[in-house]
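Data first, discussion second: the structure below is written as structure tokens.
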Amino acid sequence: MNKPRIAVYKMSSCAGCQLELLNLEPILLDVLGAVDLSYFVMARRDNEPGPYDIGLVEGAITTGEEIERLKKAREECRILVAMGACACYGGLPSIKNWQPQRVVESRVYENLAAIHSTTAYGIDYYVPVDAYLKGCPVSREELLEFIKGVLLGIRPYLRPHSVCVECKLHENVCLFVTEGQVCLGPVTTAGCGALCPSRGRPCEGCRGPANDANTVSLAQTMAEYGLHRSDIIRYFRKFAGMTPEFSKGAEAV
Amino acid sequence: MTEQAIRVDYIARVEGEGALKIKVKDNQITELQLRIFEPPRFFQGFLVGRKFDEVPGIVSRICGICPASHQITSIQALEDALGIEPSQQTKDLRLLLALSQWIQSHTLHIYFLALPDFLGYESAITMAKDHLTEVKRALKLKRLGNDLTALVGGREVHPVTPTIGGFTSVPSRKELQAIGERLKEARADALATIDLVSSLNIPAFERDCEHIALSADDTYAINGGRLVSTKGLNIPVWQYRNHIKERHIPHSNALHSYVEGRGSFLVGPLARVNLNMDKLSPEARKIAESTGIFPTFNPFYSILARAIELLHSIDACLELIERLDPQPEDIAYTVQAGQGFAITEAPRGSLYHSYRINDQGLIEEADIVSPTAHNVANMEEDLRAFVPSVLDLPLEEATLKCEMVIRNYDPCISCSVHFLRLEIERE
Chain E
20 MNKPRIAVYK MSSCAGCQLE LLNLEPILLD VLGAVDLSYF VMARRDNEPG PYDIGLVEGA
80 ITTGEEIERL KKAREECRIL VAMGACACYG GLPSIKNWQP QRVVESRVYE NLAAIHSTTA
140 YGIDYYVPVD AYLKGCPVSR EELLEFIKGV LLGIRPYLRP HSVCVECKLH ENVCLFVTEG
200 QVCLGPVTTA GCGALCPSRG RPCEGCRGPA NDANTVSLAQ TMAEYGLHRS DIIRYFRKFA
260 GMTPEFSKGA EAV
Chain Z
53 MTEQAIRVDY IARVEGEGAL KIKVKDNQIT ELQLRIFEPP RFFQGFLVGR KFDEVPGIVS
113 RICGICPASH QITSIQALED ALGIEPSQQT KDLRLLLALS QWIQSHTLHI YFLALPDFLG
173 YESAITMAKD HLTEVKRALK LKRLGNDLTA LVGGREVHPV TPTIGGFTSV PSRKELQAIG
233 ERLKEARADA LATIDLVSSL NIPAFERDCE HIALSADDTY AINGGRLVST KGLNIPVWQY
293 RNHIKERHIP HSNALHSYVE GRGSFLVGPL ARVNLNMDKL SPEARKIAES TGIFPTFNPF
353 YSILARAIEL LHSIDACLEL IERLDPQPED IAYTVQAGQG FAITEAPRGS LYHSYRINDQ
413 GLIEEADIVS PTAHNVANME EDLRAFVPSV LDLPLEEATL KCEMVIRNYD PCISCSVHFL
473 RLEIERE
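In order, the protein sequence lines correspond to chains E and Z.
Okay, so the first sequence: first residue is 20 according to our numbering, each after it adds one.
Okay, so the second sequence: first residue is 53 according to our numbering, each after it adds one.
Structure, rendered in structure tokens:
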């Protein structure tokens, strides 16, 4: 069997998810023995044309030019993957979506005539997506598990449960219940190993909504903890505010 | 009459999206544009109205390569606004975090982004076939930097523990000492890196320009100090905006950073070694001095400066680990209205953050200037001076040489919020 050919595309992003490929250091050479990184502009000068077996798309879509590039990526890739929070559901760039576009732009740029920024969406707003690797940044373990899954022709295990499950498995003291620190763990997809709460920092929801996330109930609990409506909105409209579940949470109180 | 054009439509082996267009007519440059098509993400715009304690986690996402620098700089600017003085332990851990990122980022640039040019490969991936020892050394050094970032920060890309006033959790002395053993071993790899880089054929090219970096009396300045330059700039951080401005250059249609009354400038490893060589770790200093090269205004020596800083970073980490015995600390402060400023030395150079917050702790104004935004005008000036020397070369070789001029700066285009103005002014 030929080595699967991988393409890495950068949209509106920080390059952190594609860096996670290079951050596979101890096994990077083994990975390169199993797959070809055929198109990876951050790491190579001679990039090979498609078609590719796997396309890893990093970043939110915020310009018309990106929509076109994304459509081309969809055409040339057998499996198209949303890699990281931005590609999955807009990520942090989507924070701007709830402020008037021109107001946000004018805080950064003087001449707005040439700015053609659109509402920040995840890539499935424009093209069908085969897999979502969540998180900000993407989890290296899940990325690797996914590549292995493609190599073996099996479906990778995608975690449906919430961060709370992993937090309990770590036997962490609950930051929310015991310390009153507002935490999005109850409604956020697991897979990070409850990294933040295990380090004394509440979950910010970077992995987006878990299955059956009850964001309305969480929003009500936040209100009971004394949070103002504007605070609750800020919590939900951060990494994944464009998802229906977090939208509901933001509008619940 | 001959017309030539050098075009690079998507500059490879840099972080982010940029293109270069140079037009030459009768051996004169008629047009030179470093075009950035990295889409704007409006961090400074959407930060307005967010809560101050969210800022470090948000600005981290400006750049996946130097997230810790954005976190530390924003935290220090916000602490300045709130009147918080962090503990010595916090300062030490922040320095350790910054240094760990220097190790990771410098290794990435030296071996993966720059070295293939010098050794004649399109990437480190193809280079590995003939230079496996070097690539393995790079992977080992990069993992070490990453492991240290993860130990102090909780994660390599976008650390989670740094917060205003301190850290949400701290590593134990035992964990630090375990990684200290690996750092001791890595000194040999850093020395081998310096040897390797010293053996490279560095193009002869000098251009007089101002070099700017933080500088301090007692240490190789990273997370604090005064902003100084090779042309006499010497200011406290809060005066930054009084001296560093941006302007519209008609011929390049770009807003460029410049020093008031002078011109474009260079930030990064070369500027730091040039200005602060005497503050390097003893062995790094000895090596830097023995080369007889520094101070130099040949930007191609940036890779050597980076290699020397790699050794310095390992030495400085070891010194910190020797004395650190981190204990959990209570973080307490009151929210008040104010404005704060901070500059740190990110791997690529001076990084400026400033915030104004109201008495509710909401951000009213954010101002962020990344190292690459500082450097972009200087990159164009370098190219303008450099291009005539490569016009006689075959186009492909000339193009590669021009790319190398840009890669000297290790440009991090994702980072460069202000960099983007380039494209705006074009139309």
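Here a beta-carbon is modelled for each residue, glycine too, at the ideal position from N, C-alpha and C.
As the structure is a computational prediction, the values presented were derived from the model and not from experiment.
First through last residue of the alpha helix (DSSP H) which encompasses residue i
i: M431 (chain Z); result: P423 to F438
i: A242 (chain Z); result: R225 to S250
i: L111 (chain E); result: No alpha helix (DSSP H) contains L111 (chain E), which DSSP labels as neither H nor E.
i: C454 (chain Z); result: L447 to R459
i: V27 (chain E); result: Segment R24 to K29 is the beta strand (DSSP E) holding V27 (chain E); no alpha helix (DSSP H) there.
i: Q37 (chain E); result: G35 to L41
i: E85 (chain E); result: G83 to E95
i: H295 (chain Z); result: Y292 to H295
i: S249 (chain E); result: R248 to F255
i: S342 (chain Z); result: P334 to T343
i: H364 (chain Z); result: S354 to R375
Under 8 Å by beta carbon: chain Z residues contacting residue i
i: G35 (chain E); result: R113, C115, G116, I117, P119, V209 and H210
i: C215 (chain E); result: G206 and V212
i: T82 (chain E); result: P91
Nearest-angstrom beta carbon gap, residue j and residue i [assumed within contact, 8 Å]
i: I25 (chain E); j: L75 (chain E); result: 7 Å
i: G101 (chain E); j: M61 (chain E); result: In the sequence as presented, Gly is not what sits at residue 101 (chain E); that position holds Ala. No, A101 (chain E) and M61 (chain E) are not in contact; Cβ-Cβ is about 18 Å, not under 8 Å.
i: S354 (chain Z); j: G392 (chain Z); result: 31 Å between Cβ atoms; not a contact.
i: A429 (chain Z); j: V289 (chain Z); result: Actually they are not in contact, since the Cβ atoms of A429 (chain Z) and V289 (chain Z) sit about 21 Å apart, beyond 8 Å.
i: L38 (chain E); j: V209 (chain Z); result: 6 Å
i: L200 (chain Z); j: C369 (chain Z); result: 7 Å
i: K73 (chain Z); j: Q85 (chain Z); result: 5 Å
i: R97 (chain E); j: Y28 (chain E); result: With 8 Å as the limit, R97 (chain E) and Y28 (chain E) do not qualify as a contact, their Cβ atoms being about 14 Å apart.
i: T282 (chain Z); j: L322 (chain Z); result: Not confirmed; about 11 Å, so no contact.
i: V274 (chain E); j: A271 (chain E); result: Residue 274 (chain E) cannot be examined here, being either before or after the span of chain E that is shown, 20 to 272.
i: E433 (chain Z); j: S316 (chain Z); result: 5 Å
Chain-ordered neighbours of residue i on chain E, where CB pairs are closer than 7 Å
i: V100 (chain Z); result: R126
i: K194 (chain Z); result: E44
i: G109 (chain Z); result: E223
Amino acids of chain Z, ordered along the chain, whose beta-carbon sits closer than 7 Å to that of residue i
i: P156 (chain E); result: G116, V209 and H210
i: G219 (chain E); result: T220 and S221
i: K115 (chain E); result: F94, G97 and F98
i: V123 (chain E); result: F94, G97 and F98
i: D65 (chain E); result: E174
i: P112 (chain E); result: R93
Nearest neighbour of residue i, chosen from the options [CA to CA]
i: R189 (chain Z); options: Z:I274, Z:G390 and Z:A244; result: Z:A244
i: R256 (chain E); options: E:P23, E:L177, E:R93 and E:A104; result: E:A104
i: Y176 (chain E); options: E:D72, E:T208, E:T262 and E:A242; result: E:T208
i: G110 (chain E); options: Z:V212, Z:I415, Z:I110 and Z:R375; result: Z:I110
i: I117 (chain Z); options: E:T197, E:R93 and E:N42; result: E:N42
i: R248 (chain E); options: E:E87, E:A269, E:F265 and E:P147; result: E:A269
i: I246 (chain Z); options: Z:P119, Z:L376, Z:R358 and Z:R400; result: Z:R358
Chain-ordered chain E contacts of residue i [CB-CB under 8 Å]
i: N31 (chain Z); result: Outside the displayed span of chain Z (53 to 479) sits residue 31 (chain Z), for which this structure offers no information.
i: T451 (chain Z); result: Within 8 Å Cβ-Cβ: nothing; T451 (chain Z) doesn't reach chain E, min ~10 Å.
i: A180 (chain Z); result: L48 and L51
i: L445 (chain Z); result: Per Cβ cutoff of 8 Å: no residues; L445 (chain Z) is ~17 Å from chain E at best.
Within chain E, partners of residue i - CB distance below 9 Å
i: L47 (chain Z); result: This structure cannot settle anything about residue 47 (chain Z), because the visible part of chain Z is limited to 53 through 479.
i: G413 (chain Z); result: Simply none; closest approach about 11 Å.
i: K73 (chain Z); result: Ordered by position in chain E, no residue passes the 9 Å Cβ test against K73 (chain Z), which lies about 17 Å from the chain.
Range of the contiguous beta strand (DSSP E) that encloses residue i
i: V76 (chain E); result: Y71 to E77
i: K27 (chain Z); result: Residue coverage of chain Z in this structure runs from 53 to 479, which leaves residue 27 (chain Z) outside it and unanswerable.
i: K192 (chain Z); result: Element bounds for K192 (chain Z): not the beta strand (DSSP E) but the alpha helix (DSSP H), L184 to G205.
i: D49 (chain E); result: Element bounds for D49 (chain E): not the beta strand (DSSP E) but the alpha helix (DSSP H), E44 to A53.
i: A398 (chain Z); result: G390 to A398
i: E137 (chain Z); result: That residue, E137 (chain Z), is in no beta strand (DSSP E); it is neither H nor E in DSSP.
i: I409 (chain Z); result: G401 to I409
i: L152 (chain E); result: A150 to L152
i: A139 (chain E); result: S136 to Y140
Interface partners of residue i on chain Z, CB under 9 Å
i: R253 (chain E); result: G101, R102, K103 and E106
Q.
With three or more C-beta pairs closer than 8 Å as the rule, is the stretch 198-210 of chain Z touching the stretch 143-163 of chain Z?
A. yes
Exercise. Okay, do the stretch 268-278 of chain Z and the stretch 133-141 of chain Z touch, 3+ Cβ pairs below 8 Å being the bar?
Worked result: Taking a contact to require three or more Cβ pairs closer than 8 Å, the stretch 268-278 of chain Z and the stretch 133-141 of chain Z do not qualify as touching.
Please confirm if the stretch 157-170 of chain E is in contact with the stretch 182-202 of chain E, defined as three or more CB-CB distances below 8 Å between the two stretches. no
Q.
For the pair the stretch 83-103 of chain Z and the stretch 95-115 of chain E, tell me if three or more CB-CB distances fall below 8 Å.
A. Output reads yes: the stretch 95-115 of chain E touches the stretch 83-103 of chain Z.
> Taking one C-beta from the stretch 157-166 of chain Z and one from the stretch 125-132 of chain Z each time, how about it: are there three or more such pairs within less than 8 Å?
Replying inline: no
Notebook entry, point to check: With contact counted as at least three CB pairs below 8 Å, one residue from each stretch, are the stretch 336-355 of chain Z and the stretch 439-451 of chain Z in contact?
Noted result: Fewer than three Cβ pairs drawn from the stretch 336-355 of chain Z and the stretch 439-451 of chain Z lie within less than 8 Å of each other, which leaves the two stretches out of contact.
Decide yes or no for the touch test of the stretch 217-224 of chain Z against the stretch 175-195 of chain Z: beta carbon pairs closer than 8 Å, at least 3 of them.
no
Practice prompt. Kindly confirm or deny that the stretch 214-229 of chain E and the stretch 63-75 of chain E touch, where touching means at least three C-beta pairs closer than 8 Å.
Written response: no
Notebook entry, point to check: Any contact of the stretch 219-238 of chain Z with the stretch 272-280 of chain Z, i.e. 3+ C-beta pairs under 8 Å?
Noted result: no
Quick test of the definition: if touching needs 3 or more C-beta pairs under 8 Å, does the stretch 381-391 of chain Z touch the stretch 401-419 of chain Z? By the criterion of at least three beta-carbon pairs nearer than 8 Å, the stretch 381-391 of chain Z is in contact with the stretch 401-419 of chain Z.
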